[in-house]
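In terms of the working numbering, the sequence shown opens at residue 12 and continues consecutively. Quick reminder that beta carbons are idealized off the backbone N, C-alpha and C, glycines included.
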Amino acid sequence: MNTPRIALVTGANQGLGRALVEGLAARSNPQDLVLLTGRDAGRVDRAAAEVAREPGTRSRVEGRVLDVADAEAVAALAAELKLRHGGVDVVISNAVARLLPDRSQAAQADEFIDVANGGTHAVLRSFGPVLRPGGRLIVVASSLGTLGHLDARLRPRFDGASLDQVEYAVESWRSAVHAGTAQEQGWPLWLNVPSKVAQVAAVRAVAAERRDRDLAAGTLVAAVCPGMVDTATSRPWFADYSQARTPAEAARAVLDLVFAEGADPELYGELVRSGKVLPWPDGTPPTAQDRLLVP
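So this is what it looks like as structure tokens:
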């Protein structure tokens with residue numbers, strides 16, 4: 012009998028995260044386990060129970076409470092899965108805090124950075140070491156995550172940086188936001204832009220350390236861009252959703268990457284959209300008039 016595969020998705024009680032769980036559960040085997048995680052116990056339990064009852068579900072589905080902003084909780088869950096199952100096969104870091112257009116960016120900075128960036132760092136640090144050979148460690152980012160979206164003064168902080176250096180740059184940015192000096196230092200007004208660049212830089216940092224042994228084992232570490240997705244998180248920012256994907260549609264390309272045979276060296280450590288690499292140097296810094304949250 013094959014060893015059961017263990018998959019985990021963060022920020023998964025709704026939207027894209029839930030669609031990713033649904034897709035994993037539909038494509039996995041009956042002995043496999045998919046963990047649906049989120050911060051609210053009631054929502055997590057309801058979502059996991061609903062997915063488990065869906066006609067297309069083939070694998071086991073369980074809900075687990077996990078606040079990715081709590082690095083100790085992330086580490087504890089990774090250690091538990093290592094002890095109980097010998098590791099994990101698929102980890103998709105998807106959690107994000109909602110941004111609202113009618114509140115200042117500074118007022119929302121801490122929660123957003125703690126979840127999107129602190130959560131990414133915690134998942135990479137804790138689940139990277141327990142990822143089994145042939146596994147997938149995926150961070151959901153966006154097309155805004157390429158380096159060119161930052162002012163040229165800021166790019167050296169992320170280009171070729173270690174994970175520690177990325178974390179330091181993120182905290183420097185957070186401090187500048189609260190001090191009111193972010194824009195004069197070149198940071199974009201919209202939090203989503205430096206946050207996504209930092210997420211991709213964190214993936215690149217971890218991938219640079221693991222590349223040779225991961226590719227030899229068929230293991231993939233990457234960031235993904237799901238495209239514009241019609242969710243409660245993105246709806247406040249756009250009037251026209253005619254080009255947006257449903258969560259299920261957006262999840263499909265991510266899951267194709269998860270279930271692909273082996274690990275494509277061209278995709279390893281990169282930001283991938285629909286199977287194609289978005290080059291790291293690409294992008295243009297947003298203007299003050301832009302309200303860029305487009306994935």
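Nearest-angstrom Cβ-Cβ length linking residue i and residue j, presumed shorter than 8 Å
i, j, result
"P258", "R29", "7 Å"
"L155", "D170", "That pair is no contact at about 16 Å."
"A337", "G145", "Because the chain is modelled from 12 through 306, residue 337 falls outside the range shown and cannot be assessed."
"A234", "V214", "4 Å"
"D43", "P15", "5 Å"
"I17", "V99", "5 Å"
"N24", "R54", "4 Å"
"L27", "V151", "7 Å"
Alpha-carbon spacing of residue i relative to residue j, whole angstroms
i, j, result
"P199", "V188", "10 Å"
"R147", "E281", "13 Å"
"M239", "R256", "6 Å"
"L46", "E272", "22 Å"
"V134", "A82", "8 Å"
"V32", "L268", "14 Å"
"A70", "I149", "In the sequence as displayed, the identity of residue 70 is Ser instead of Ala. Distance between the alpha carbons of S70 and I149 is about 20 Å."
"D113", "H132", "28 Å"
"G130", "G294", "24 Å"
Assigned exposure category for residue i - 16 Cβ within 10 Å defines buried
i, result
"L19", "buried"
"Q194", "exposed"
"T48", "buried"
"W184", "buried"
"E178", "buried"
"R57", "exposed"
"P237", "buried"
"F123", "buried"
"S115", "exposed"
Beta strand (DSSP E) segment containing residue i, residue limits
i, result
"D113", "Element bounds for D113: n/a, residue is neither H nor E."
"R284", "282-284"
"V288", "287-289"
Where the alpha helix (DSSP H) containing residue i begins and where it ends
i, result
"R69", "No alpha helix (DSSP H) holds R69; DSSP gives it neither H nor E."
"D100", "That residue, D100, is in no alpha helix (DSSP H); its beta strand (DSSP E) goes 99-104."
"W184", "174-190"
"L35", "26-38"
"A63", "52-64"
CB contact below 8 Å: residue i versus chain D
i, result
"V269", "The structure shown contains no chain D; it holds only a single protein chain."
Residues bridged to residue i [DSSP beta-bridge criterion]
i, result
"E73", "L46"
"L231", "R147"
"L19", "L46, V102"
"V240", "R256"
"L142", "V99"
beta-carbon residue i near the ligand NAD non-hydrogen atom, thresh 7 Å
i, result
"E73", "This structure does not include the ligand NAD; it has no bound ligands of any sort."
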